[in-house]
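K.L.:
Sending over a structure as structure tokens; questions will come in a sec.
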Amino acid sequence: MTLELYRIDDRLIHGQVVVGWGQPLDIDFIVLVDDTVATSDWEQELYRMGVPPEMDVYFHTAANAIPAIPKYRADSRRGLLLTGDIATMRQLTVGAGVTVVNVGGIHSRADRTQRLRYVFLAPDEEKALRDLAANGVAITAQDVPGARPVSLDDLLAGNEP
Amino acid sequence: MSCVTCEKTMSSNEPGAPSPDAAVAPRAIVAGHGDFAAGLVSAVQQITGRGSQLIPVSVLKLSVEDIENLLRTRMQEANVRVIFTDLQAGSCTMASRRILRGMDDAVLIAGTNLPILLDFVFAEGRTAPEAARHAAERGRAAITVHGAGSGPATGTGA
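See the structure below:
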């Protein structure tokens, strides 16, 4: 199998990921790429307790995820890769050839403007998404599998389907 | 059953019905996806009149940090040491576990259902954390399965 989904979600492992995507995609493992979580045993244990026992979770910094991703793509099981922000995913598009990205949840913050019900962006984050698209990365926003994917243009225009 | 009958059944004029004085200070927070918290607290209020013991918290649109800050603020404002959440993997559960880290006198119950909360609001003789632990066991036992494939007890025969 392979990595079925490359998702940006600032809540990382939570209900939408484990249940909403995990069950319909029949996900066996999650690759969580986050520099903070990858260096904290306590945070890793917190996220491990959020998944069912049959689901594995692997933690990486952005730097050490890049050489590991080919191994996950070649895995016989189905996986899902998560980053908590656009900047981390951007590193993976450059370093590990990620070409399709799901924007699943970037939530409210003082410097962000709402674009969709579940996507708020700061100016530098909007620019980063535009740059990714200009470099050939396919970007859509979609919080759950049953929702219609939102194109980057509609996302940035705030056109909620 | 008519709506009038329903309202009468829920009124406080019948023997055993909760008294209007059942409302007390908040003892716990309820948090989860969508309108989970408001829905459950509404149901507790309708059934027992004791919904004021529970503070429903909605976290739609909030970041992980904001969820944690909101729950922490609500806990401090109400001086409560119990949080009920919906999913083990939910953002509210994750945030609550961070808040409760190092708080030896606090309790988090994930996987909350209505029977848990009903037991909790009637356990006024216990401290809130004790009541929450007791209620969790009652709520676990309150799940039943009926119908096809449930075994001889369903009356479907062998």
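Chains A and B supply the protein sequences, listed in that same order. Okay, so the first sequence: first residue is 1 according to our numbering, each after it adds one. Okay, so the second sequence: first residue is 1 according to our numbering, each after it adds one. Beta carbons: idealized from backbone N, C-alpha and C, even for Gly.
How would you list, in chain order, the residues of chain A whose beta-carbon sits under 8 Å from the beta-carbon of B:Ala-89?
P.N.:
Here residue 89 of chain B refers to the residue found at position 89 of the second sequence. The contacting residues are Ile-13, His-14, Gly-15, Val-17, Val-18, Val-19, Gly-50 and Val-51.
K.L.:
Please confirm whether B:Ser-63 has its beta-carbon closer than 8 Å to some beta-carbon of chain A.
P.N.:
To locate residue 63 of chain B, count along the second sequence from 1; it is residue 63. It does; some Cβ of chain A falls within 8 Å.
K.L.:
Mind pulling the chain A residues with CB within less than 7 Å of B:Arg-72?
P.N.:
Position 72 of the second sequence, counted from the first residue, corresponds to residue 72 of chain B. Per Cβ cutoff of 7 Å: no residues; B:Arg-72 is ~16 Å from chain A at best.
K.L.:
Taking only beta-carbon atoms, is B:Ile-143 less than 8 Å away from chain A?
P.N.:
By one-based count along the second sequence, residue 143 of chain B stands at place 143. It does not: the Cβ of B:Ile-143 has no partner Cβ on chain A nearer than 8 Å.
K.L.:
Go ahead and pull the three-state DSSP assignment for A:Ala-157.
P.N.:
On the first sequence, residue 157 of chain A is found 157 positions in, with the first residue counted as 1. Three-state result, A:Ala-157: helix.
K.L.:
For A:Ile-106, which of helix, strand or coil comes out of DSSP?
P.N.:
Position 106 of the first sequence holds residue 106 of chain A. The answer is strand: DSSP assigns A:Ile-106 an E or B state.
K.L.:
Is B:Ser-91 near A:Arg-11, with beta carbons less than 8 Å apart?
P.N.:
Taking the second sequence and counting its residues from 1, the one referred to as residue 91 of chain B is at position 91. Taking the first sequence and counting its residues from 1, the one referred to as residue 11 of chain A is at position 11. Yes, the pair counts as a contact, with Cβ atoms nearer than the cut-off.
K.L.:
Anything in chain A within Cβ reach of B:Asp-66, meaning under 9 Å, just list it in chain order.
P.N.:
Indexing the second sequence from 1 puts residue 66 of chain B at position 66. Per Cβ cutoff of 9 Å: His-107, Ser-108 and Arg-109.
K.L.:
Counting only beta-carbon atoms, is B:Met-103 nearer than 8 Å to chain A?
P.N.:
Numbered from its first residue, the second sequence carries residue 103 of chain B at position 103. Judged by the 8 Å Cβ criterion, B:Met-103 is not in contact with chain A.
K.L.:
May I have the straight-line CA-CA distance separating A:Thr-99 from B:Arg-133, to the nearest angstrom?
P.N.:
Reading the first sequence from its first residue, position 99 is the one you call residue 99 of chain A. Reading the second sequence from its first residue, position 133 is the one you call residue 133 of chain B. When rounded, the distance between both Cα atoms is 48 Å.
K.L.:
Contact criterion: CB-CB distance below 8 Å. Does B:Ser-11 meet it with respect to chain A?
P.N.:
By one-based count along the second sequence, residue 11 of chain B stands at place 11. Only weak support is given to the placement of B:Ser-11: the predicted model assigns it a pLDDT of 38, under 50, and the question is left unresolved by the model.
K.L.:
Using only the alpha-carbon positions, how far apart do A:Arg-7 and B:Phe-36 sit?
P.N.:
The count along the first sequence starts at 1 and reaches residue 7 of chain A at position 7. The count along the second sequence starts at 1 and reaches residue 36 of chain B at position 36. Approximately 25 Å, taken between the alpha carbons.
K.L.:
What are the residues of the stretch 30-51 of chain A that lie near chain B, defined by any Cβ-Cβ distance shorter than 8 Å?
P.N.:
The stretch 30-51 of chain A vs chain B, Cβ under 8 Å: Trp-42, Leu-46, Tyr-47, Met-49, Gly-50 and Val-51.
K.L.:
Can you confirm whether A:Asp-26, when its beta carbon is compared against all beta carbons of chain B, has any partner nearer than 8 Å?
P.N.:
Counting from one through the first sequence, the residue named residue 26 of chain A turns up at place 26. Judged by the 8 Å Cβ criterion, A:Asp-26 is not in contact with chain B.
K.L.:
Provide the residue(s) that pair with A:Ser-151 in DSSP beta bridges, ordered along the chain.
P.N.:
Here residue 151 of chain A is taken as the residue at index 151 of the first sequence, counted from 1. Bridge partners of A:Ser-151: A:Thr-140.
K.L.:
Are the stretch 22-29 of chain A and the stretch 99-111 of chain A in contact at 8 Å, needing three or more beta carbon pairs?
P.N.:
No contact exists between the stretch 22-29 of chain A and the stretch 99-111 of chain A.
K.L.:
Considering only the alpha carbon of each residue, which of B:Ile-55, B:Gly-49, B:Arg-97 and B:Val-59 lies closest to B:Ala-28?
P.N.:
Counting from 1 along the second sequence, the entry for residue 28 of chain B is found at position 28. Measuring from the Cα of B:Ala-28, the nearest candidate turns out to be B:Ile-55.
K.L.:
Leaving out five residues before and five after A:Gly-20 in sequence, what residues of the same chain have Cβ atoms less than 6 Å from its Cβ?
P.N.:
For the purposes of this step, residue 20 of chain A is identified with residue 20 of the first sequence, where counting begins at 1. Contacts found: Val-144.
K.L.:
Taking only beta carbons into account, state which residues of the stretch 77-100 of chain A come closer than 9 Å to chain B, listed in chain order.
P.N.:
Hits within the stretch, in order: Gly-84.
K.L.:
Should B:Arg-140 be flagged as near chain A, meaning a C-beta pair shorter than 8 Å?
P.N.:
Sequence index remark: in the second sequence, residue 140 of chain B carries index 140 (1-based). Chain A, which has no Cβ nearer than 8 Å to the Cβ of B:Arg-140, makes this no.
K.L.:
How about A:Asp-10: is its C-beta nearer than 8 Å to some C-beta of chain B?
P.N.:
Position 10 of the first sequence, counted from the first residue, corresponds to residue 10 of chain A. Output row for A:Asp-10: interface = yes.
K.L.:
Below 8 Å, how does it come out for the stretch 113-121 of chain B and the stretch 36-48 of chain A: are there three or more Cβ pairs, yes or no?
P.N.:
Contact fails: fewer than three Cβ-Cβ distances are below 8 Å.
K.L.:
Under 8 Å between the Cβ atoms of A:Ala-128 and A:Ala-87?
P.N.:
Within the first sequence, numbered from 1, the residue matching residue 128 of chain A stands at position 128. Within the first sequence, numbered from 1, the residue matching residue 87 of chain A stands at position 87. Yes, Cβ-Cβ distance for A:Ala-128 and A:Ala-87 is below 8 Å.
K.L.:
Do you know offhand how far B:Gln-76's Cα is from A:Thr-93's?
P.N.:
Mapped onto the second sequence, residue 76 of chain B falls at position 76. Mapped onto the first sequence, residue 93 of chain A falls at position 93. Cα to Cα, B:Gln-76 sits roughly 43 Å from A:Thr-93.
K.L.:
Under three-state DSSP, which class holds A:Leu-129?
P.N.:
Counted from its first residue, the first sequence places residue 129 of chain A at position 129. Three-state DSSP puts A:Leu-129 in a helix.
K.L.:
Measure the beta-carbon distance from A:Leu-116 to A:Val-150 and round it to whole angstroms, keeping in mind my assumption that it falls under 8 Å.
P.N.:
Translated into positions along the first sequence, residue 116 of chain A becomes position 116. Translated into positions along the first sequence, residue 150 of chain A becomes position 150. A:Leu-116 to A:Val-150, Cβ: 6 Å. Contact.
K.L.:
Less than 8 Å between the C-beta atoms of B:Val-44 and B:Gly-34, yes or no?
P.N.:
Locating residue 44 of chain B in the second sequence gives position 44, counting from the first residue. Locating residue 34 of chain B in the second sequence gives position 34, counting from the first residue. Result no, Cβ atoms of B:Val-44 and B:Gly-34 do not sit closer than 8 Å.
K.L.:
Between the Cα of A:Gly-84 and the Cα atoms of A:Asp-56, A:Pro-52 and A:Asn-102, which residue gives the shortest distance?
P.N.:
Locating residue 84 of chain A in the first sequence gives position 84, counting from the first residue. Nearest option by C-alpha distance: A:Asn-102.
K.L.:
Smallest Cα separation from B:Ala-128: which of B:Val-57, B:Ile-83, B:Thr-73 and B:Lys-61?
P.N.:
The sequence position of residue 128 of chain B within the second sequence is 128, counting from 1. Looking at the Cα atoms, B:Ile-83 is the closest of the given residues.
K.L.:
Going by C-alpha to C-alpha distance, which of A:Val-31, A:Phe-59 and A:Lys-71 sits closest to A:Asp-41?
P.N.:
Counting from 1 along the first sequence, the entry for residue 41 of chain A is found at position 41. The shortest C-alpha separation from A:Asp-41 is found at A:Phe-59.
K.L.:
In or out: A:Ala-65 buried (at least 16 other Cβ within 10 Å) or exposed?
P.N.:
Residue mapping note: residue 65 of chain A aligns to position 65 of the first sequence, counting from 1. Flag for A:Ala-65 reads buried.
K.L.:
Do we get a CB-CB distance below 8 Å when we pair B:Arg-97 with the residues of chain A?
P.N.:
For the purposes of this step, residue 97 of chain B is taken as residue 97 along the second sequence, with counting starting at 1. Closer than 8 Å: yes.
K.L.:
With H, G and I counted as helix, E and B as strand and the rest as coil, what does DSSP make of B:Thr-93?
P.N.:
What you label residue 93 of chain B is simply residue 93 of the second sequence in a count that begins at 1. Reduced to three states, the DSSP call for B:Thr-93 is helix.
K.L.:
From B:Asn-113 to B:Ala-38, what distance separates their C-alpha atoms?
P.N.:
Indexing the second sequence from 1 puts residue 113 of chain B at position 113. Indexing the second sequence from 1 puts residue 38 of chain B at position 38. The straight-line gap from Cα to Cα measures roughly 13 Å.
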